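Just below is one structure, and these are the notes that go with it.
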Amino acid sequence: MSTTTSDTPESEGAPPGEPRPDTAADDDGGGRRSGTAADDGGQWSGTGAEGGGGQRSGAGAEGGGGPCSGAAAEGGGGHRSARLIHNEATTEIPVHLLFRDDPDPVSVPLAPAVVGRRRGTGEQPRIRRPAPGPPPRPVPEADPELVERPARVLPGAAGVLAGACGAAGCALTTWWAGLLPPSVLAALELHGHAGTGLGPAQWAAYAGAGALGLFGFGGLARGRTGRAWVLGLFGRYRGTVRRTGLMWVNPLVLRRRVDVRLRHWRSEPMSVVDANGVELRVVVLVVWRVKDTARATLAVDDHRTYLRECVEAALSRVLSQLPAELPPAVIRDLTLRNTDAVGEALTRMVAADTAPVGLEVFSAQPTRIEYAPEIAAVMQRRRIAALDAQHRDSVLGSVVDSVEDTVTRLTLRGLVELDDYERKALVKDLTVAFCTGRGEVSS
0 MSTTTSDTPE SEGAPPGEPR PDTAADDDGG GRRSGTAADD GGQWSGTGAE
50 GGGGQRSGAG AEGGGGPCSG AAAEGGGGHR SARLIHNEAT TEIPVHLLFR
100 DDPDPVSVPL APAVVGRRRG TGEQPRIRRP APGPPPRPVP EADPELVERP
150 ARVLPGAAGV LAGACGAAGC ALTTWWAGLL PPSVLAALEL HGHAGTGLGP
200 AQWAAYAGAG ALGLFGFGGL ARGRTGRAWV LGLFGRYRGT VRRTGLMWVN
250 PLVLRRRVDV RLRHWRSEPM SVVDANGVEL RVVVLVVWRV KDTARATLAV
300 DDHRTYLREC VEAALSRVLS QLPAELPPAV IRDLTLRNTD AVGEALTRMV
350 AADTAPVGLE VFSAQPTRIE YAPEIAAVMQ RRRIAALDAQ HRDSVLGSVV
400 DSVEDTVTRL TLRGLVELDD YERKALVKDL TVAFCTGRGE VSS
């Protein structure tokens, strides 16, 4: 909407062509103006208008001719585009960016990361793929069907009863055949029986009673605390017995005794090398037990030997990643002296290697780490030299600080006035005196 200004009495009194203080400068022509920068004798209002002949409103209008409204109009008479920048380009704005304040924003699926290509070069976009890392170390696997399960056993009383019945059947068969001696008959107060001898019926009775006695007494077993029986029949796993006391087990099965108590193993000094290639001797203490008796017995030839080999392999992997010793300025946690970190890494590796064969490792801690005898003397001299150099450096630093403090105090307090030559001589004498005193105290 445009507005026009009317002539006031103050404006009538002013001569034409002479600018007034309250009107704009740059008057061109004989017309009256009100506002800023008007030309050619018309009545205008607005800012920055040029030309003549009509009523216009807006900002930054040029030219003449008809009523125009808007911003940045050029020429005369027509409506122009509102583009401010001639080379501007429109881009599509995602919808979810226009409604950020909505309580439930719409999720937009993201495309894979693509390297943009230059326009006009014909370069095809390339999808960024992560760099392939080293393949993970394979973990040993056991038969998934080989899992410990309880075996079927009977109480010991059942075996004793079956064995007694078999023995009694044999005795009755002997009496039936008339083969009992007279002294036995008199002791048992039995009447004499002539019998018919050993016929097919007697032999069958003997076989049945004897088999019952053998199965009854032959299947008796004693279970002890901390021991387990792994049972197998014709090469097939039949279960594990962890019960204690007297029990009856099928005498046809093969029994293997397994110790399931908490155990510890202290290794012999094992030869390994650190990250610098220095040969070491390490002694490891391992606390472990058998968790799955079926896998510990049947999945591996000897679980004790397997545990020793796993400990030695894990020890070589862990100790080869860290140096045995570093300069004193380096953090101590980066060396093998950090036994907690070394023991934790060693335990984790050994437990992962032995879990598939039914072993549970609680801790694997190095109890002693020392240099090999061939280089022990050389490393000891090197360590002593490093300690001596460190001590000398600390003594020298303290002496220099003491000399500096003494000379500064003497100078600031005005006790002495020294030139360069006298200052050097004083520093030399104080240094010799302090070093001599330190040496006497150390000795």
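Note that numbering that gives the first Met the number 0 gives residue 308 to position 309 of the sequence shown, counting from 1, and the numbers run on in steps of one.
Beta carbons are placed, not taken as given, at the ideal position from N, Cα and C, and that holds for glycine.
Owing to the predicted nature of the structure, the values given are computational and were not obtained by experimental measurement.
Please identify the residue among the options whose C-alpha is closest to the C-alpha of residue i.
i	options	result
GLY225	ALA206, GLU267 and ARG262	ARG262
ARG151	ASN249, THR430 and TRP287	ASN249
LEU145	TYR236, CYS169 and ARG223	TYR236
ALA274	MET246, VAL299 and VAL317	VAL317
ARG307	GLU267, VAL277 and THR334	GLU267
GLY342	PRO372, LEU284 and MET378	LEU284
LEU409	VAL138, SER397 and ARG422	ARG422
ALA204	ALA186, ALA170 and LEU187	ALA170
VAL299	LEU314, PRO139 and TRP247	PRO139
SER270	ARG242, ILE374 and LEU211	ILE374
VAL281	PRO135, LEU417 and TYR370	TYR370
GLU278	LYS427, ALA376, GLU416 and ASP400	ALA376
LEU213	TRP228, TRP247, TRP264 and PRO134	TRP247
GLY396	ALA385, THR430, TRP228 and PRO135	THR430
TRP264	TRP228, THR304, GLY234 and ALA295	THR304
TRP228	ARG391, ALA295 and THR435	ALA295
Below 6 Å CB to CB, which residues in the same chain sit around residue i once its five sequence neighbours on both sides are set aside?
i	result
GLU147	THR239, ASP291, THR292 and ALA293
THR346	SER362 and ALA363
LEU179	THR173
PHE433	VAL398 and SER401
LEU417	none
Cα separation between residue i and residue j?
i	j	result
VAL402	LEU411	14 Å
GLY162	THR173	17 Å
THR407	ASP387	30 Å
THR366	ALA156	50 Å
THR338	ILE383	23 Å
LEU184	ARG288	58 Å
LEU160	THR353	44 Å
MET378	PRO322	13 Å
VAL398	PRO372	40 Å
GLY413	ASP404	14 Å
ARG223	LEU333	48 Å
LEU297	ALA167	41 Å
GLY196	GLY177	6 Å
GLY244	GLY165	23 Å
PRO199	GLY207	12 Å
ALA141	ALA350	15 Å
PRO154	GLY215	11 Å
ASP301	GLY158	33 Å
ARG241	PRO149	8 Å
ARG221	ARG255	13 Å
VAL257	GLY276	41 Å
ARG136	VAL356	17 Å
GLU359	LEU230	21 Å
ALA385	LEU335	18 Å
GLY234	PRO134	37 Å
TRP202	TRP175	11 Å
In three-state terms, what does DSSP make of residue i?
i	result
PHE433	helix
GLU421	helix
GLN320	coil
ARG307	helix
ARG226	strand
PRO154	strand
ARG347	helix
VAL289	strand
VAL257	strand
LEU187	helix
LEU179	coil
LEU325	coil
LEU335	coil
LEU411	helix
PRO199	helix
GLY207	helix
For residue i, I'd like the list of residues in its chain whose CB is within less than 8 Å of its CB, leaving aside the five on either flank, ordered along the chain.
i	result
LEU232	ASN249, LEU251, VAL252 and LEU253
ALA424	none
SER319	VAL271, VAL272, ASP273 and ALA274
ALA210	GLY165
VAL426	VAL402 and VAL406
What are the residues that DSSP puts in a beta bridge with residue i?
i	result
TYR370	LEU279
SER284	The amino acid occupying residue 284 in the given sequence is Leu; Ser does not appear at that position. Its beta-bridge partners are ARG265 and GLN364.
ALA220	MET246
SER270	ARG280
GLU403	Paired residue(s): none; GLU403 is not in a bridge.
THR239	PRO149 and VAL229
LEU358	VAL289
For residue i, which residues in the same chain have their Cβ closer than 7 Å to its Cβ, ignoring the five residues on either side in sequence?
i	result
MET348	ALA313, ARG316 and VAL317
ARG310	Checking the sequence, you will find Val at residue 310 rather than Arg. Cβ within range, chain order: SER266, VAL283, VAL285, VAL349 and ALA363.
ARG260	GLY225 and ARG288
So is residue i in contact with chain C if we call contact Cβ pairs under 8 Å?
i	result
LYS290	Of the protein chains in this structure there is only one, and it is not chain C.
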